[in-house]
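Per UniProt numbering, the very first residue in the sequence shown carries number 1; after that it's consecutive.
Every residue gets a Cβ at the ideal spot worked out from N, C-alpha and C, and that includes glycine.
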Amino acid sequence: MLAVKHPLRGVGVRPFLQPRLAPSLISRARGPSATTALGLRFAATVPPPPPTGPPPPSNPPPPASNPPPAADPPKDEVPEHTEHPADHEHTDAHVPEGYDEGSAGQVQREHCSVFISQVLPIRLGSWDPRPWVASWYEGALLAELVNITNDLKGRHAFKVESWEVARKDGGVFCHFSYVPPALDQLPRKAFDHDFHTPEEAIPDPVSPSALFLPLFIEAAHKHGGWPTWIGPWWSSLLDGTGINRRASACSNEAGHYLFSGDLAPPKGADGHVPELRGWQRTAGAGRVWMVRGRQWTEDMNRFPSARLRVEFDGPDVSQEVLYTLFRPYGRIHDIAPPTPVPAGQLRSALVTFRRISTAVNANNALHGFNTHIKSADYEGRRSDAPLTRLRIYFERPLKAHYFRDWVSNHPRIALPVLAFLIGMFSYTFFDPIREFFVKARIEGMWNLEQYPTVQFIKDNIVMPVKNTLWPAKARRWKRNVDDLGRASFRDRVEAERNVERWLTEFPSTFIVVTGPPGSGKHDLVDRVLKDEKKPNLVIDCAEIGKAKSDTALVDGLASQTGYWPVFSFLQSINGLIDLASMGLIGQKSGFSTPADQQMRNILDIVASALKEVSSHAREKRASEQQHQRDEINLAADRERQQRLIEQGIWHDGRLDCVAGNGIMSELGFGIEQPSELDVVGAAPLMGSTAPIAGEAVPPTGVSIAFDKEVTAATQVAKAEEEVDSDAELIKTLPVVVLRNFAFKPARGELWNVMAEWGASLIENKVAHVIVVGEGSVASKTLTAALPSKPLNQVNLSDADDYNALEFVREKLSTDGHQVELTAEETADVAKLGGRMVDLELLVYKVRSGQSLSTAVEDIVLRNAVEIRKTAFGDDSDEAKALPWTRAQAWKIVSALAKQPELSYAQLLSEFPFKGADTCLKAMEEHGLIFITAGTGGRTCPAMVRPGKPVFRESFRSLVDEPIFHAMCQIEYNAAVTKKAEADIADYEAELAKLKSITSDGDHLGVAAAGWFGAGSPIHQRAQYLAESLGKSMDKIRKAEADSAEQIKAFTLDGKKRK
1 MLAVKHPLRG VGVRPFLQPR LAPSLISRAR GPSATTALGL RFAATVPPPP PTGPPPPSNP
61 PPPASNPPPA ADPPKDEVPE HTEHPADHEH TDAHVPEGYD EGSAGQVQRE HCSVFISQVL
121 PIRLGSWDPR PWVASWYEGA LLAELVNITN DLKGRHAFKV ESWEVARKDG GVFCHFSYVP
181 PALDQLPRKA FDHDFHTPEE AIPDPVSPSA LFLPLFIEAA HKHGGWPTWI GPWWSSLLDG
241 TGINRRASAC SNEAGHYLFS GDLAPPKGAD GHVPELRGWQ RTAGAGRVWM VRGRQWTEDM
301 NRFPSARLRV EFDGPDVSQE VLYTLFRPYG RIHDIAPPTP VPAGQLRSAL VTFRRISTAV
361 NANNALHGFN THIKSADYEG RRSDAPLTRL RIYFERPLKA HYFRDWVSNH PRIALPVLAF
421 LIGMFSYTFF DPIREFFVKA RIEGMWNLEQ YPTVQFIKDN IVMPVKNTLW PAKARRWKRN
481 VDDLGRASFR DRVEAERNVE RWLTEFPSTF IVVTGPPGSG KHDLVDRVLK DEKKPNLVID
541 CAEIGKAKSD TALVDGLASQ TGYWPVFSFL QSINGLIDLA SMGLIGQKSG FSTPADQQMR
601 NILDIVASAL KEVSSHAREK RASEQQHQRD EINLAADRER QQRLIEQGIW HDGRLDCVAG
661 NGIMSELGFG IEQPSELDVV GAAPLMGSTA PIAGEAVPPT GVSIAFDKEV TAATQVAKAE
721 EEVDSDAELI KTLPVVVLRN FAFKPARGEL WNVMAEWGAS LIENKVAHVI VVGEGSVASK
781 TLTAALPSKP LNQVNLSDAD DYNALEFVRE KLSTDGHQVE LTAEETADVA KLGGRMVDLE
841 LLVYKVRSGQ SLSTAVEDIV LRNAVEIRKT AFGDDSDEAK ALPWTRAQAW KIVSALAKQP
901 ELSYAQLLSE FPFKGADTCL KAMEEHGLIF ITAGTGGRTC PAMVRPGKPV FRESFRSLVD
961 EPIFHAMCQI EYNAAVTKKA EADIADYEAE LAKLKSITSD GDHLGVAAAG WFGAGSPIHQ
1021 RAQYLAESLG KSMDKIRKAE ADSAEQIKAF TLDGKKRK
């Protein structure tokens, strides 16, 4: 590799720096260079013999041509330390005695190095971008350094050998050589033991630090300070706050202040006060430091830090000596003595500086330095005292795994604090983001159809093109599935009006819309929300209830509410942390949160977003109302202005700028505004003759204008009166819709959590809550959450036969051809009732190729199988697990097969449901029956109907099946017999007690009716028990007879039951 020489300064630079130097700074290539073991150093070339004539000028002219530079090395292999060789030019004005140009080869030169700090930025890590930025100014900074060192030429045969850039440490090494002067040629310096410190007498007068440090500092001062990559201003600031303040640096940098009293500092023979004293004369000052040890060039990923690990290759060095060696480079925070180490390793001490830059200076200056181990030997420079070599390395301020080790050693403190910090971070950073996404979902920010531009494109471009390509006649058969619901809504106008009326009031309770599937309850709610145009949040509880784990449950709720981001996967990790915490400290750390608490946290954020949405809507409506009032006032002002112009008393204030204000103005009106009172007289509108005194005065222009103004003011007042604050607040309240609430048992406390959250929204007047469900389970859960107030409930039933038939007819029609159903097919459709699910299944089967009668029969049979399994169980073990008995199920099936509905109160008064209302509720939860409330606003149960309209026909098919009917009837009769026998046992036991009251039953008239015993209470009770016993016996006889009759159905040749 070739070395390129700076033409003006005589200093070579590496070829790969050529793109960053000005073209005029690159002259000619030198000879070949040798590299060190690391491949980073470049030795100086051997110069030709010096001329015998006068010395050449210090700034030789550039050569005529430049040779082509060598190829640049790859950028990813640029070393951290780079040395640039210098030539052997020198022009010495003051040389030692006996030295001449001809004997240059015989005079022994001394080699030394100085480290110039903070020329480049100190690299704090691999991520630090500052070295890359500073690399573009590296060439210019080196040129400035060369310009400074050129001022030292002529002093003791000074010659720069090479420059070495330490990019990682942010400094530059200047390697130079010189000829030591004779002792008798050195100037005498004044020294006073009473004034100077011992350190000032220790440096050898011919040492490079004593010879060249003042010269380096003076040269830099002449050139405005040492250069730095930040700029000249920062360079002067660094030099101004460093040791270049010669008057105060001697006392401050040493860490001690020597009070000299009235003694003046001694001066030398030349009258000069020593500028560098004490440790400065040995180590350096400001930003130039003498390399006292042996420089170690490395490019590993060991980045500078304020802590230095000083290893002792020899005996341990005392703290006094370490302080003496390291203190000149900067303020020391602490020195940690050596600690015991395993055999074979070097002992080391830790020296902590206040700043990283001072540690970098000490590392580059003292690495490899041999020092005495005791302060007395160091100050006395004893030659026979043992020496120790210092090996200095940067110590990481934070060791690897330090945080992990500290947490494992202090779990009782670390885990709760860490949990608190994570919660605080989530609360301050993530919760606002989550609230924003929830608000965006409620307000429909991501719904493009609500934006005017998109709506305009849809109405004027998309829909016309769609209607042109697909005419309405071709799309007629693709009617909406909600046609049945819309047709059935004609009979439910009252229910819709009730929901709308409840939304115009302050939220006081839940609005519950219940009904079987396909009854149109969801369409009713959607239509009301569309008409009200309120911000709404629809939560489909069915999607949340499908979750099979707590994580899926939380994710489902977050997805339905727009809650994002959610870190549910961390719940498993938190559980492991709590488990480890139980083993370490005996209690949970609080990282793991139960699923119900997570859901409550999500719903709290949603509630906060609902408040913000309501506040934003209220502000928007207030702004619109204010704009409306401003429009009314503006119209009134314009009308008044027009009237004043017609009367000729309007004054344009812009004229005041021309005429001036005040009473002296010719055209101005002063500070008083003109009014109608300023008009002298108003001409009558009715003719030209003035009215006679006492007659009615006709309306004039003034009075008419005044009436107009009054009318405008009245309109403003009326508009303000119409603005009711409570009504406006209600209009801005959002609506929360809980679809499919409590449709089936869900995991955990989902329904209770949702009900409690909805109750809190209602009590705090945050939003209206509409709950859409199917059965009484929803009402039961909501009542428990809000027990003090009744529910606003709307119960919807299935569609009537006419609407069901119309739906099937329209669904079966294709290509505009209407399908006509026969009377038999109409009767078959009527068997299914108005349930949407069954009607859709019928249409699907008919379109698949089945006949309508076969499809209806198949649907009825499938429902019968479903009822048989759900109500009676597959076997006796499964039947025992049911919340009702088989006798109760058979009672419902056989009774509803004969009549469309049963009295709820009558069922509870007879066997087998006497006092067993929980069994009826359980059947309703499983969909076997549907309990309706009374009319006229009554909420108590009134009638019991089949769970679906098709169940009535399925009940009939089960009753008409001989074998199943016989089995169920025999089991029912057995239950009747068992109940009757239990009653008989009770009657007999009570009769025995009555008999034991008296030993002679005939004397009291119990056995035979007599004039004395006939009216005895004991006789009356005995008579009642005897009659009840007889009735029970009749039930047993009838049950056994019926069971004997039912057994005949089990025979192979049994005949059908009459």
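So residue i and residue j are supposed to be a Cβ contact under 8 Å. How far apart are they, rounded?
{"i": "Ile335", "j": "Val317", "result": "Not confirmed; about 10 Å, so no contact."}
{"i": "Glu113", "j": "Val291", "result": "Here the sequence assigns Ser to residue 113, which means Glu is not the residue at that position. At roughly 4 Å, the Cβ-Cβ gap stays under 8 Å, so Ser113 and Val291 are in contact."}
{"i": "Val893", "j": "Val959", "result": "7 Å"}
{"i": "Asp801", "j": "Ala823", "result": "At roughly 13 Å, the Cβ-Cβ gap does not stay under 8 Å, so Asp801 and Ala823 are not in contact."}
{"i": "Leu782", "j": "Leu791", "result": "6 Å"}
Would residue i and residue j qualify as a contact pair, given that the criterion is a beta-carbon distance under 8 Å?
{"i": "Ile392", "j": "Pro315", "result": "no"}
{"i": "residue 1061", "j": "Thr504", "result": "Since the first residue of the chain shown is 1 and the last is 1058, residue 1061 is not available in this structure."}
{"i": "Pro131", "j": "Leu120", "result": "yes"}
{"i": "Pro517", "j": "Arg862", "result": "no"}
{"i": "Tyr563", "j": "Ile511", "result": "no"}
{"i": "Leu786", "j": "Thr509", "result": "yes"}
{"i": "Ala974", "j": "Lys1035", "result": "no"}
{"i": "Gly515", "j": "Glu774", "result": "yes"}
{"i": "Ser117", "j": "Gly171", "result": "yes"}
{"i": "Leu211", "j": "His156", "result": "yes"}
{"i": "Arg331", "j": "Arg309", "result": "no"}
{"i": "Ile122", "j": "Ser357", "result": "yes"}
{"i": "Phe115", "j": "Asn370", "result": "no"}
{"i": "Ser383", "j": "Val321", "result": "no"}
Grab me the residues of residue i's own chain with a C-beta within less than 6 Å of its C-beta, minus the 5 sequence neighbours each way, in chain order.
{"i": "Val843", "result": "Lys811"}
{"i": "Gly368", "result": "Gly293 and Arg294"}
{"i": "Val454", "result": "Leu448"}
{"i": "Ala1039", "result": "Asn973, Val976 and Thr977"}
Of all the options the options, which has the alpha carbon lying nearest to the alpha carbon of residue i?
{"i": "Ala140", "options": "Ala742, His221, Ala785 and Pro232", "result": "Pro232"}
{"i": "Asp313", "options": "Thr504, Ile332, Thr388 and Val321", "result": "Thr388"}
{"i": "Leu991", "options": "Gln969, Pro129, Gly125 and Glu1027", "result": "Glu1027"}
{"i": "Glu395", "options": "Glu311, Ser788 and Phe326", "result": "Glu311"}
{"i": "Ile544", "options": "Arg739, Ile867, Pro338 and Leu796", "result": "Arg739"}
{"i": "Ser1032", "options": "Ala767, Ala1022 and Ile984", "result": "Ile984"}
{"i": "Leu576", "options": "Leu415, Thr977 and Ser788", "result": "Leu415"}
{"i": "Val944", "options": "Ala134, Pro790, Ser776 and Asp858", "result": "Ser776"}
{"i": "Phe1050", "options": "Tyr987, Ser853, Glu961 and Gln1020", "result": "Glu961"}
{"i": "Ala285", "options": "Phe216, Gly224, Gly915 and Ala306", "result": "Phe216"}
{"i": "Glu866", "options": "Gln455, Trp502, Tyr137 and Gly927", "result": "Gly927"}
{"i": "Arg868", "options": "Phe964, Gln628 and Arg381", "result": "Phe964"}
{"i": "Val407", "options": "Ser615, Thr324, Met300 and Ala580", "result": "Ala580"}
{"i": "Trp296", "options": "Asn409, Val360 and Pro745", "result": "Val360"}
{"i": "Trp437", "options": "Asn574, Leu610, Lys458 and Ile422", "result": "At residue 437 the sequence reads Phe, which differs from the Trp that was named. Of the listed residues, the one whose Cα sits closest to Phe437 is Leu610."}
Which same chain residues, not among the five before or five after residue i, have their C-beta less than 7 Å away from its C-beta?
{"i": "Ala1041", "result": "none"}
{"i": "Pro941", "result": "Tyr904, Ile931 and Ala933"}
{"i": "Pro535", "result": "Ile442, Glu443, Val613, Ala617 and Pro734"}
{"i": "Asp917", "result": "Leu908"}
{"i": "Ala889", "result": "Ala871 and Phe872"}
{"i": "Lys789", "result": "Ser508 and Thr509"}
Near residue i, which residues of its chain fall below 8 Å by C-beta distance, leaving aside the five closest residues on each side in sequence?
{"i": "Leu346", "result": "Glu311, Phe312, Asp313 and Arg391"}
{"i": "Phe489", "result": "Interpretation of Phe489 is limited by its pLDDT of 49, a score under 50 that renders its predicted location unreliable; the figure taken from the coordinates is listed afterwards. Excluding sequence neighbours, Phe489 sits near Glu496, Gly520, Asp523, Leu524 and Arg527."}
{"i": "Val753", "result": "Asp596, Met599, Arg600 and Leu603"}
{"i": "residue 1059", "result": "There is no way to answer for residue 1059, as the model of the chain reaches only from 1 to 1058."}
Secondary structure, beta strand (DSSP E): runs of 3+ residues fully inside the segment 729-795: Runs found: 735-739, 768-773 and 792-795.
Give, in chain order, every unbroken run of the beta strand (DSSP E) that is at least 3 residues long and sits entirely within the segment 294-370. Counting only runs that start and end inside the segment 294-370, the beta strand (DSSP E) elements of at least 3 residues fall at 307-313, 332-336 and 348-353.
Residue ranges of each alpha helix (DSSP H) within the segment 390-472, 4 or longer: Note on the segment 390-472: whole alpha helix (DSSP H) runs with a minimum of 4 residues are 402-409, 411-425, 431-443, 452-457 and 463-469, in chain order.
In chain order, which beta strand (DSSP E) runs of at least 3 residues are fully inside the segment 491-549? List check, beta strand (DSSP E) in window: 511-514 and 536-540.
Threshold first: 4 residues or longer. Then list the alpha helix (DSSP H) segments lying entirely within the segment 794-833, N to C. DSSP runs (the alpha helix (DSSP H)) wholly in the segment 794-833: 801-812 and 823-832.
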